[in-house]
Structures are given as structure tokens and as C-alpha cells.
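For the sequence shown, the numbering used here gives the first residue as 702, with consecutive numbering after it. We treat Cβ as the ideally placed atom computed from N, Cα and C, and that holds for glycine.
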Amino acid sequence: DSNMDLWKEEFVEMKDVFSIKLKRRRFVGQKKGGMLLGITVFVCLKKDNKLKDCAINFNNISEDHCHSWFKCVKEILNGFPNRPKSLKVFVNPNSHKREATHVYYEQVAPLFKLADIKTDVTVTEYEGHALSLLQECDLHTFDGSEASRRWGVGWEVSRLGQGGWWQGSRVVCIGGDGSTSEVAHGLLLRAQMDAGRDTDYILSPVRAPLPLGIIPAGSTNVLAYTLHGIKHVVTATLHIIMGHIQPVDICTFSSPSKFLRFGFSAMFGFGARTLALAEKHRWMPSNQRRDFAVIRTLASLKPEECELSFLPLKNSLQDSQETVRKKKERPKKSDNKVQWHTIQGHFLNVSIMAIPCLCSMAPRGLAPNTRLNNGSMALIVVRNTSRTEFIKHLKRYASVKNQFNFPFVETYAVQEVKVQPRNKIGYDTEENVYLQATFTEGNYPWNIDGDLMEGASEVHVRVHRQLINLYGGSIDELDDSKVMCSCL
Ligand SMILES: *[C@@H]1O[C@H](CO)[C@@H](O)[C@H](O)[C@H]1NC(C)=O
Ligand SMILES: *[C@@H]1O[C@H](CO)[C@@H](O)[C@H](O)[C@H]1NC(C)=O
Ligand SMILES: *[C@@H]1O[C@H](CO)[C@@H](O)[C@H](O)[C@H]1NC(C)=O
């Protein structure tokens, strides 16, 4: 460093500061006292989409001076409205290489502590644990008051705003897409119950009152990647601490008779069959399991015969009309200005996504033409084609342009989709015999944010604009020069 730096004036903005501490000289193991050296402020720095924390020391040995600075800065910090003071944390210990617990205690918890955020941690014990806690309110109030503990399950939580954990605390999930999606689903379901809605049939859901923080520690982290523009634990943690909140679109999935669940993205066909197969082989290590499932499903690639109806996005009809094949299109009568469209045929893979779904394999996203929160959802369908062409299409996700420029791929911007499978094709391979046996009674596999859902024969998907708040800042758009070509 040159001498010039000594004279350079530097500053930090208060909005980037997340903690202040008095700095003292202490001996190893000493907990109290020690000579005052000054104050340390902790700042959040941003470079591209990555956030990191950094400490700045101000030396001053006057107790009075340091205390008044401390008090004053603390007051300013307490004034930021979106910054959480307490957090309900769900850790999925089984995600990926069982590293989520370690990630939490090594990387996340120290930052929460530094920011003086109280935490209440649940290490989940089984799939659906977080959901049942959120749903059945098997949670003591988070203010830790004895009264609420005694009243126990369900009492306090149902009194929204009465000082239960709903009020001060926010929810954080550490895991992969499956666990995150489960918690988002749970939070929204809880919100419907509290609003007195019938959760068996949800048409126009109410918003979740609590924001959700997502810390990536799973084998797939599409949600965190999409939200933060990067898969990075410290970035995700700092977004929560700094109170960066953004509203995000989410979908409801229903059968004709029943509400099924909330979710950000869905795949039907190839993307769901690989997951179903991988789930059958849970004993394999997760990476190996996925590769195995992809290869086996590719080897016995079979299209699903189905009917897809969709309601195009208002004002974006031109988009879809270009791609809808004239012969196959048969709009239904409707009072609305936008009309339902129906396409039929054999489909290899169908994606329905409310958010762009960024991942390392698809840096622009699996659905690059949709946004996090503009109320639109992407419907991408792959019609039957040869295996070679299908693989070419999958590989194209890694590139920047023309991802969908294949004669057998169609994309639509939609608000609702209905999927009605009519699969009667013969199954020959061993795996498919199993899958066929499982899905004959009108059950077809769906991949909802990496979770297997045994769907009903007809699934209705609707996008709901900005229904949930997630922690995360607006991300820098990927600029073309930064994308490297990579291969499957
Ligand atoms: C198809 O399946 C792959 C792999 O499971 C997935 O990543 C992709 O986004 C899916 N969608 C389309 C439309 O190909
Ligand atoms: C959302 O953004 C996408 C991509 O920019 C666009 O195609 C779509 O029309 C937008 N939806 C709305 C409702 O504005
Ligand atoms: C799908 O396409 C493949 C390759 O073009 C073809 O062999 C197969 O018969 C087709 N399947 C159906 C159900 O049309």
C-alpha cells in the first residue's frame, strides 16, 4: 500500500453497518473487563452478487467517548425496520453431504450472534417435520415467556400479533431446494389457516406475513441461487441480517378436488421421472444418485401423452401466438379477454416455473424468460423427439442464447396451466415397470422444487404474484461476456 492511502478519506454508510462492539484487550479465556481500545463496526460489503462482512476498528481509549458512539450507532441500527431481531431457524441435517448443521454452526450462527439476533433452532428429524411444526403450531412462542410455554401448542400462535414468535421473529431455512420449498409451503399454509381459509381448496391465497430466509446447503440450491445470484452461505446470511427483502411469485398446485401444495417450480415428464427414480435409490450418495437417474431415464426415454391447457399472460398474447401451432390450437370460449389454449400430444419434458431457476448448469436459468416477481410464469414444453436431439436441448441450457431454438420446444408466458396426462403407452424396462405400477391409479410423478409429488391425474397450476417475501437483494443481471460455455 502506498503512503497516499493514509490521506485518503474513506467512509461507510450506516445502511451497510450491521453491528457495533466495544473493543477491549483481553487475555485468552477472559470474559469481562479488559482495557478499552476503541470501537469496532461491522460492515456488509458487496462485490457483484457476493456479500461479505468486514470489521473496521476505531481506536479511542476514552470510555465516555466510546460508550456514546456505541449507544448512538446502536440506536441507528435498531431503527432499520426490516432487520430481524429474532429468527426461527430450521436446519435440515440430511441435506447433501449432511453438512447443513456444520454450515449453520460454523458460518451462519456466528454472524447472527454478531448482529445480536436471537435464534431458536430446530434441527429437523424427518421429511415434513418443519411443515408439521409450522402447520400444527407445535412451536412455543419465541419470546420465551413462561406463560406461552405453559399454554403450549397452538394457543399463542393462533393469536397472531399477540407477541408470539410470529411477531418479532422471521423464519430461516438451511438446506437445499426440497427443505426450503417445504418451509415456504408451510409458512403459506399457516397464513391461510390464520386467515380462516379452507386449506383443502385454496383459490386466492393470502400473503405470508413473515419473510423467509434461504441459506443454501443442499445438493440442489436453485432457489438460493435464483434469489441471490450466487450460491454462497455468507451472502445469504448477510441478506437476512441486513433485512434485504423482496416479494416473490409462487404457484399453487391443485387437483380438481383438492389443494395440493405451494411451490416455485415444477417439472413433469423427464424432470420428474429422473427424480422419482433417484428417490428409489436413496441409498446412493446424492450426486451419484442423480447422474444414475438421469442416465437411466435417458436410456428409456418415453414421452407422456397429455393435454396441456394454459391461460396466457394478459398483454402478452403475441408471444404465445407465434409459437402455438395453428392446427393444434383450439381456444375455448371464455368471458375473459384472455382465452384458454390447449395443446395436445406426446411430451418428453414440461417445465412450469414462476421464477427463473438459476443453477450452475443453467446460469441464465431454466426459465430465463420469467422474473422473480412480475406475476408471470414460464411454460416450456418439449415435444417428442429423438434422444440425441433431446440431449442437445438439455445441453443448450448452459449457453446464453437460443436455449429454446428447437423445432420441438415451445415456450409460453402464462398465468395458469392445467396438465392432464393420458398415458397408456407400453412400458418395457424394469424401472418403467416399477414406475408404471406406481403411477397407474391416476398418479404421475411431479418434481416440485426438487420434491417428489405424486400428482393426481389432472394438476392445475396457478401463479400468485408476490405472495411470499424472501430475503435477498436485487441481483446483477448476468452479462453475456461473463458466461462461459460449459458442457453437460
Ligand atoms: C427437463 O428436465 C431437465 C432435467 O431434469 C431440467 O433441468 C429441465 O429444465 C427440464 N425442462 C425442459 C423444458 O426441458
Ligand atoms: C414478466 O417478465 C417477462 C420477461 O421480461 C415478460 O415476458 C412478461 O410479460 C412479464 N410479465 C408481466 C405481467 O409483466
Ligand atoms: C417419439 O420419437 C421417437 C424418435 O423420433 C420415436 O421413435 C417414437 O416412436 C416417438 N414416440 C411416440 C409415442 O410418438
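Whole-angstrom C-beta distance between residue j and residue i, which should lie under 8 Å
i            : j            : result
residue 971  : residue 998  : 6 Å
residue 1151 : residue 879  : 5 Å
residue 1164 : residue 1077 : 7 Å
residue 739  : residue 753  : Actually they do not touch by this definition, with Cβ atoms about 22 Å apart.
residue 887  : residue 832  : 4 Å
residue 945  : residue 1174 : 4 Å
residue 1081 : residue 1068 : 6 Å
residue 655  : residue 907  : The chain is shown only over 702 to 1189; residue 655 falls outside these bounds and no answer can be derived.
residue 890  : residue 836  : 6 Å
residue 1094 : residue 1110 : 6 Å
residue 1108 : residue 1007 : With 8 Å as the limit, residue 1108 and residue 1007 do not qualify as a contact, their Cβ atoms being about 19 Å apart.
residue 656  : residue 949  : The question about residue 656 has no answer here: the residues shown for the chain are numbered 702 through 1189.
Selected residue, minimal CA-CA separation from residue i, among the options
i            : options               : result
residue 901  : 953, 1011, 927, 916   : 953
residue 974  : 965, 986, 995, 956    : 995
residue 750  : 940, 899, 1149        : 940
residue 947  : 983, 955, 962, 912    : 912
residue 1002 : 1049, 1011, 1039, 957 : 1049
residue 870  : 804, 927, 782, 956    : 782
residue 942  : 746, 1160, 1167, 1122 : 746
residue 1086 : 1046, 1115, 1054      : 1046
residue 885  : 1042, 965, 957        : 965
residue 1161 : 892, 883, 963         : 963
residue 1084 : 928, 1106, 1073       : 1106
residue 1040 : 989, 993, 1117, 949   : 1117
residue 737  : 823, 726, 1004        : 726
residue 894  : 882, 805, 910, 881    : 910
residue 980  : 1015, 735, 993        : 993
residue 1014 : 925, 977, 968, 1079   : 1079
residue 784  : 925, 813, 771, 883    : 813
Counted within 10 angstroms of its Cβ, other Cβ atoms place residue i as buried (16 or more) or exposed
i            : result
residue 897  : exposed
residue 716  : exposed
residue 765  : exposed
residue 767  : buried
residue 1169 : buried
residue 855  : Confidence is the limiting factor: at residue 855 the pLDDT is only 33, short of 50, which leaves the residue's position unreliable and the question unanswerable from this model.
residue 905  : exposed
residue 1120 : buried
residue 1092 : exposed
residue 1147 : buried
residue 803  : exposed
residue 982  : exposed
residue 951  : buried
residue 1088 : exposed
residue 769  : exposed
residue 1149 : buried
residue 1000 : exposed
residue 1217 : Residue 1217 lies beyond the stretch modelled for the chain, which goes from 702 to 1189, so this question has no answer here.
residue 829  : exposed
residue 1191 : Lying before the first or after the last residue shown, residue 1191 is absent from the chain, which here runs from 702 to 1189.
residue 773  : exposed
residue 1172 : buried
residue 762  : exposed
residue 986  : exposed
residue 1005 : buried
residue 735  : exposed
residue 955  : buried
residue 710  : exposed
residue 714  : exposed
residue 805  : buried
residue 777  : exposed
Distance cut-off 7 Å: residue i Cβ against heavy atoms of ligand 4
i            : result
residue 1052 : As presented, the structure is devoid of ligand 4, carrying ligand 1, ligand 2 and ligand 3 as its sole ligands.
I'd like to know if the segment 1054 to 1064 and the segment 934 to 942 are in contact, where contact means that at least 3 CB-CB pairs between them fall below 8 Å.
no
Would you check if there are 3 or more beta carbon pairs closer than 8 Å linking the segment 809 to 825 to the segment 718 to 738?
yes
Looking at C-beta atoms only, is the number of pairs between the segment 797 to 813 and the segment 727 to 737 that lie closer than 8 Å three or more?
Short answer: they don't touch.
Is there contact here, the segment 785 to 793 with the segment 751 to 765, by at least three beta-carbon pairs under 8 Å?
no
How would the residue list near ligand 3 read, in chain order, if you kept each one whose beta-carbon is closer than 5 Å to any heavy atom?
1047, 1085, 1087
Can at least three beta-carbon pairs, one atom from the segment 918 to 927 and one from the segment 872 to 887, be found at a separation below 8 Å?
Yes, since at least three Cβ pairs between the segment 918 to 927 and the segment 872 to 887 fall closer than 8 Å, the two stretches touch.
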